[in-house]
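Residue numbers are given in UniProt numbering: position 19 of the sequence shown equals residue 19, and the series is strictly consecutive. Heads up, the beta-carbon is just placed ideally off N, CA and C, and yes, glycines get one too. Everything on this sheet refers to the single structure shown next.
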Amino acid sequence: MNIFGIINIILIIIILAFALSWLWTWIQSKRVGGALTNEEFEKGKRKAQIIDVREKAPFKKEHILGARNIPYTMFKYQYQEIRPDLPVYLYSDSSALTVRAARFLQKKGYKKVYWLKDGFEKWNGQTKASKY
């Protein structure tokens, strides 16, 4: 086998890894609550708990108005701060991270868990920004 054959095999493995990662995220997202468009998120956010699962620095820089920050890295320690009887709206910059947080809450007994479909980067609603 020549060098081009080895490179082709490596490329196929990388492409398969990306495809499987995307498929896994998609399957997991179907098992938990559901993805909400910007409009759906905006419409229901007044009755829900809005949780930003990004780290503190991006949250402090800018976040959805009314959101509170529980970074995913701290989720297993702080999830009890979220009321299980109210809907939970999650968001971050990564759909995979948001779906993981949603699945975690589902495993802990939360029934109404939703997330912002296109993430914070595409959010067009009200935000709060810090000057620092």
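Output the residue ranges of the alpha helix (DSSP H) runs that lie fully inside the region 52-102 and measure 4 residues or longer, sorted by chain position. Listed in chain order, the alpha helix (DSSP H) runs fully inside the region 52-102 are 56-61, 75-78, counting runs of at least 4 residues.
If Q49 and V99 are in contact, beta carbons under 8 Å, what's the gap, nearest whole angstrom? Counted from its first residue, the sequence shown places residue 49 at position 49. Counted from its first residue, the sequence shown places residue 99 at position 99. About 17 Å separates the two Cβ atoms, so there is no contact after all.
Would R46 and D93 qualify as a contact pair, given that the criterion is a beta-carbon distance under 8 Å? Sequence index remark: in the sequence shown, residue 46 carries index 46 (1-based). Sequence index remark: in the sequence shown, residue 93 carries index 93 (1-based). No, these two residues do not count as a Cβ contact at 8 Å.
If contacts are defined as beta-carbon pairs under 8 Å, then W115 and A35 qualify, I think. What distance do you get, rounded to the angstrom? Residue mapping note: residue 115 aligns to position 115 of the sequence shown, counting from 1. Residue mapping note: residue 35 aligns to position 35 of the sequence shown, counting from 1. The beta carbons of W115 and A35 sit about 6 Å from each other, so the pair counts as a contact at 8 Å.
Specify whether the region 63-80 and the region 9-20 touch according to this definition: at least 3 beta carbon pairs, one from each stretch, less than 8 Å apart. With contact defined as three or more Cβ pairs closer than 8 Å, the region 63-80 and the region 9-20 are not in contact.
Could you tell me the alpha carbon to alpha carbon distance between F120 and S95, rounded to whole angstroms? Within the sequence shown, the letter at position 120 stands for residue 120. Within the sequence shown, the letter at position 95 stands for residue 95. About 10 Å.
Residues sharing a beta bridge with L36, DSSP: If you number the sequence shown from 1, residue 36 lands on position 36. L36 has L116 as its beta-bridge partners, per DSSP.
Tell me the rounded alpha-carbon separation between I3 and I10. Reading the sequence shown from its first residue, position 3 is the one you call residue 3. Reading the sequence shown from its first residue, position 10 is the one you call residue 10. Here the C-alpha atom of I3 lies approximately 11 Å from the C-alpha atom of I10.
For K111 and I7, I'd like the C-alpha separation in whole angstroms. Here residue 111 refers to the residue found at position 111 of the sequence shown. Here residue 7 refers to the residue found at position 7 of the sequence shown. In a straight line, the C-alpha of K111 is about 46 Å away from that of I7.
Beta-carbon separation of F104 and F59 under 8 Å? By one-based count along the sequence shown, residue 104 stands at place 104. By one-based count along the sequence shown, residue 59 stands at place 59. Using a Cβ distance threshold of 8 Å, F104 and F59 do not count as a contacting pair.
Helix, strand or coil at Q126 [DSSP, three-state]: Numbered from 1 along the sequence shown, position 126 holds the residue referred to as residue 126. DSSP places Q126 in coil when its eight states are reduced to three.
For R83 and L23, I'd like the C-alpha separation in whole angstroms. Within the sequence shown, residue 83 is the residue found at index 83, counting from 1. Within the sequence shown, residue 23 is the residue found at index 23, counting from 1. R83 and L23: Cα-Cα distance of roughly 30 Å.
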